[in-house]
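Here's the structure we're looking at; comments come further down.
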Amino acid sequence: MRATVLRTQTAAAARRPGRLILTGLAILVASFVVFGTVLVQQITEQTVRDNLSGTPAVTDLVIGSVDVPPPTVTDVQQIRAVPGVAEAVARVSTGVSIGEGYLNLQADPGTGPLTTVRLIEGSYPDQPGQIAITPRTAERLGLSVGTTTSGTGGELTTPAPLTVTGVVEAGADAGYDAYAPESAVIAWAHLTAVERVDVRVAPGTSADVVRQRMSTAVAGQPIRSGAEVREAEANAAAEQVGRLFILVGMFVSIAVVAAALVVTSTFRIVFAQRMRQLALLRAVGAGRGTLVGALIAEGALTGLVAGVVGVASALTLGYTLPAILRATGHSVSSPGLPLAAAVAVVIGAVVITVLAVLAPALSAARVSPLEALRAASTTASRRGIGVLRLVFGLLLAVGAVLAAVATISKLPKPEQSMYDPTVPLFLLVGSGALAFFALVALGPLLVRPVLAVVGWPLRQLGPLGKMSVGGIGGVPRRAAAVSVVVALGVTLISGVVIGGASLQILADREMALSAPTDFEVTSNGGTLPPAVVTRAEAAHGALARVVPYRRVAEAVLLRGADKLGDVESGYPTSDLDLAALPSTGDLDVAQGTLADRGPGRIVLNSCVARDTGLRAGDTVTLAVDTRRVDVRVAAVLPGDGPLHAGILSDPADLDRLGVPAAYTGLLADAAGSGEDGRTAGVRALRQAIGGSDGVGLAVLADERDRNDSLVRTLVWIVVGLVSLTVLIAVVGVGSTTALSVVERVRESGLLRAIGLSRTGLRTMLTVESGLYGLIGATIGLVLGIPYAWLAVQALGIEAPLIAPLLPLAGLFVALVVLTALAGVLPARRASRVSPVVALGADG
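If you want the numbering used here, it's the position in the sequence shown, counting the first as 1, plus 301.
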């Protein structure tokens, strides 16, 4: 009997491959995502290895390492004299101050197999004092072919001329890169050592033989093969990729759990549709254990087919997409053929499907043989939950609350200097996991009250709205199973959106402190010539605003005759006008208010306040040398001060302290937008600086752009990963709706027979699908906002909680629309069935 039932069930499933795929669609998608992630990691790592090594491919040997003293110039000559060496190139770089700017001068031959640059204009340098620069460096520094400037670098302490002879294209262009042959760099900068030496062995000569000869010529210097160095460089870059994919793996795991929940729900529907058949098997002698085994075998077959199709689809795309990208000029490597991973994913799909089908199979196997006498092949869905499940769910909910309370108790205190986020984050993850499983257990009880709220507007629209809401409310267990997955995705995405917005605000405020404007002109410890400030303020076409400031390196805070704080020399103090800088207008304060700033009042950063024990409203004496002035603390910043100032003072107070009137620096913004506006601002400031000695220019906007790009990239990566769960949820809604259409054929026919049009039936079923998303999105937002706040606080980064209403509203609407669209095709199928045929069906 056991073998007969098993053959019957598996054969029935195999005869209907469409339903088989539909039942396991979520597992198919999960298999595709998991194996696709494996292939993407391989593609990324291989692309990094193939394209991101800084050592040319023809390099046979590399002499030198960061772990030992570098090779000397004499060593380079000895290396070249070794028999079998076709070419030896010394790699060395040195920072060059060229008055108002900075260059990173790097040694490169410029031609030949070992070069890393390509000449695009002019000629490559061949004499000391000649350089080639990158295009962005030419724009930023206002240099061109034939321009001569002067600078100091390396061991060179007196300015020496530098002439631009060419423009080169390099792997990276930071806006301050210059190149010249090693002999020119060494001679100009008076260098005695290099960083390393790249060697190319003569054709027909053994690299091992040359390596042995080299070890005698430069004893004590490590000698590595070029392949070994390139592998190490690639591994260093690939290690970062590996760390990223650890995060990817975490979110993929969440998507797999969501897929298991969806499959559990779909199998409940499938088994409910076949209750009469299962009862007949019980009536002819099949035991419960036999039925459970047969249904589990059907689940295993479903998982096997879904896993194989998902892996095959991912493999096809994984090989096709890189080929297409290479054909369009992108350097993208192909993945390997990870057969072990493919087999593991297929086996994992089978195991997860079996685990998912276990509970529905046990429930279905309890069917009474008398159910075979029913006229319908389906049974009504249970509306409640058992006592055991209720108690278990409540315990999980209490555990989630207690873990959240414990997280709050571990959050950093306002005056806490040392904070380890490990324990709070661990507690937070535990709380979130307990809350999710509590939602799974108690979901059927939550559906009706949530539906009563979110479904109220639909019920006011007439019979169609009431029937749609009733269709969901009539099967709360099914609605809960699908909506919980939607809620999980919405919780994660809303948390990421809120956390990302909070981190972006924090990053903006940090940049407002460290890079409040596009440019900064500094005097390297001295004062700016008045003409520099005057000329900068006159450059209205290129600069939007110019804000000069004074800075005192060592100001002391006193109370009576006692010095406050543990810093011996004092605190850096500035009279920077915050009101003149739009980026600092929204700065947070830990205490007090920035609006209270003025003569006789100061602002402290958090370190100075903590070191001195001062709070907003305290009075103290500010001293520079022998002069003193009484001031009151107007505000305390939560972190560092603008431009790393410890104390912000009013200009009048610095005057009373005898600080010279000459400015020590100025900040400026570009009048135009984009790279062109930034370049125009750089040129205007360089003209303002002229030939002033010791005056430097920093482009702060580049740092701000890198920071913004990093935050946006991280947020979008995480949103993309979290969206996998939403994809699984939408697939679940579609498959659930499609299977429920089969279950409700007779109901649909009855509605058509009493006058409901095809359009009305289609609309009703589509709205029901949308309600899954509506319920899930509502629950997800209710959970996502507090957990996002806790996550931001647990990181200890003092970021404000920002709930971006427009993106959250867009997320809410998008989930409802997506889940509604998932039900469109099943609804169209149901509307095409003839009322006569539907009324004749037994389900």
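Glycine included, C-beta positions come from ideal geometry on N, C-alpha and C. All of these numbers come straight from a predicted model, not from anything done at the bench.
#1: Going by alpha carbons, who is nearest to Ser-1010 out of Asp-809, Gly-978, Val-610?
#2: From the DSSP output, which residues share a beta bridge with Lys-864?
#3: Could you give the DSSP three-state label for Ile-399: helix, strand or coil?
#4: Using the C-alpha atoms, what's the distance from Thr-458 back to Val-502?
#5: Under 8 Å: do the segment 966-978 and the segment 375-391 share three or more Cβ pairs, one atom per stretch?
#6: Am I right that Ala-433 and Val-469 are in contact with their C-beta atoms under 8 Å? What's the rounded C-beta distance?
#7: Buried or exposed: which applies to Glu-346, given that a residue is buried once 16 or more other Cβ atoms fall within 10 Å of its Cβ?
#8: Using the C-alpha atoms, what's the distance from Ala-473 back to Pro-436?
#9: By Cβ distance below 7 Å, which residues in the same chain neighbour Arg-1063 in space, the five residues on each side in sequence not counted?
#10: Taking C-alpha atoms, which residue in Leu-765, Leu-659, Val-593, Gly-940 lies nearest to Leu-807?
#11: Taking all protein chains shown into account, do 16 or more other C-beta atoms lie within 10 angstroms of the C-beta of Arg-419, making it buried, or fewer, making it exposed?
#12: Could you spell out the range, first to last residue, of the alpha helix (DSSP H) harbouring Thr-621?
#13: Give me the DSSP bridge partner(s) of Leu-882.
#14: Quick check: Ala-816 and Leu-1001, are their CB atoms within less than 7 Å of each other?
#15: Check whether the segment 621-628 and the segment 517-532 are in contact - that is, three or more C-beta pairs closer than 8 Å.
#16: For Val-386, which residues does DSSP report across the bridge?
#17: Helix, strand or coil: how does DSSP classify Leu-955 here?
#18: Can you give me the C-alpha to C-alpha distance between Ser-366 and Ala-910, rounded to a whole angstrom?
#19: Does the beta-carbon distance from Pro-414 to Ala-485 come in below 7 Å?
#20: From what residue to what residue does the alpha helix (DSSP H) around Glu-456 run?
#21: Suppose you measure from the CA of Gly-423 to the CA of Asn-405; what does that come to, to the nearest Å?
#22: Please say whether Gly-443 and Ser-1233 have beta carbons closer to each other than 7 Å?
#23: Tell me the DSSP bridge mates of Phe-820?
#24: State buried or exposed for Ser-732, treating a residue as buried only when at least 16 other CB atoms are found within 10 Å of its CB.
#25: In the DSSP output, which residue or residues are listed as bridge partners for Gln-892?
#26: Quick one: what does DSSP say Pro-943 is sitting in, helix, strand or coil?
#27: Quick one: is Gly-476 near chain C, going by C-beta distance under 7 Å?
#28: Determine the extent of the beta strand (DSSP E) in which Ile-487 is found, giving its start and end residues.
#29: If the criterion is Cβ atoms closer than 7 Å, does the pair Thr-324 and Thr-654 meet it?
#30: Judging by CA-CA distance, which residue of Thr-395, Arg-760, Leu-949, Thr-506 is the nearest neighbour of Gly-454?
#31: Might you give, ordered along the chain, the residues of its own chain that have their beta carbon closer than 7 Å to the beta carbon of Val-960, omitting 5 neighbours on each side?
#32: Below 8 Å on the Cβ atoms is my contact criterion, and I expect Leu-967 with Val-785 to pass it. Report the Cβ-Cβ distance as a whole number of Å.
#33: Is the segment 1051-1058 close to the segment 754-761, with three or more CB pairs under 8 Å?
#34: If you draw a straight line from the C-alpha of Arg-779 to the C-alpha of Pro-745, how long is it?
#35: What runs of the alpha helix (DSSP H), each 4 residues or longer, lie entirely inside the segment 1066-1138?
#36: Check this for me: beta carbons of Ala-518 and Val-383, under 7 Å apart or not?
Once the coordinates are examined:
#1: Comparing Cα positions, the closest option is Asp-809.
#2: In the DSSP output, where bridge partners are listed per residue, Lys-864 has Leu-859.
#3: For Ile-399, the three-state secondary structure derived from DSSP is coil.
#4: Within the model, the alpha-carbon separation for Val-502 versus Thr-458 is close to 37 Å.
#5: The segment 375-391 and the segment 966-978 do not touch, with fewer than three beta-carbon pairs separated by less than 8 Å.
#6: That pair is a contact at about 5 Å.
#7: Burial call: buried.
#8: About 11 Å.
#9: Sequence-distant partners of Arg-1063 (beyond 5 residues in either direction) whose C-beta falls short of 7 Å from its own C-beta, in its chain, are Ala-1128, Arg-1129, Ser-1132.
#10: That would be Gly-940, whose Cα lies nearest to the Cα of Leu-807.
#11: It counts as exposed.
#12: For Thr-621, the uninterrupted alpha helix (DSSP H) run begins and ends at 589-628, by DSSP.
#13: DSSP lists no partner for Leu-882.
#14: Yes, they are a contact pair.
#15: As far as the Cβ criterion goes, the segment 621-628 does not touch the segment 517-532, which means the pair count is below three.
#16: BP columns for Val-386 point to Val-502.
#17: In the structure shown, Leu-955 sits in a helix (DSSP, three-state: H, G or I).
#18: Distance between Ser-366 and Ala-910, taken at the CA atoms: about 44 Å.
#19: The criterion of a C-beta distance shorter than 7 Å is not satisfied by Pro-414 and Ala-485.
#20: Bounds of any alpha helix (DSSP H) do not take in Glu-456, whose DSSP letter is neither H nor E.
#21: Roughly 20 Å between the two C-alpha positions.
#22: The shown model of the chain, from 302 to 1144, leaves out residue 1233, and the question about it has no answer.
#23: In the DSSP output, where bridge partners are listed per residue, Phe-820 has Ala-969, Val-1000.
#24: By the neighbour-count criterion, in which a residue is buried when 16 or more other Cβ atoms sit within 10 angstroms of its Cβ, Ser-732 is buried.
#25: Looking at the DSSP output, Gln-892 sits in a beta bridge with Val-937.
#26: Residue state, collapsed to three classes: helix.
#27: The chain inventory of the structure shown lacks chain C, comprising one protein chain alone.
#28: Careful: Ile-487 lies outside any beta strand (DSSP E), inside the alpha helix (DSSP H) at 483-490.
#29: The criterion of a C-beta distance shorter than 7 Å is not satisfied by Thr-324 and Thr-654.
#30: Measuring from the Cα of Gly-454, the nearest candidate turns out to be Thr-395.
#31: Excluding sequence neighbours, Val-960 sits near Arg-851, Val-853, Val-925.
#32: Incorrect: roughly 58 Å between the Cβ atoms, too far for contact.
#33: Look at the beta carbons and you see the segment 1051-1058 not touching the segment 754-761: under three pairs across the two are nearer than 8 Å.
#34: Answer to the nearest angstrom: the Cα atoms are 8 Å apart.
#35: If we require 4 residues or more, the alpha helix (DSSP H) runs fully inside the segment 1066-1138 come out as 1106-1123, 1125-1133.
#36: Yes, Cβ-Cβ distance for Ala-518 and Val-383 is below 7 Å.
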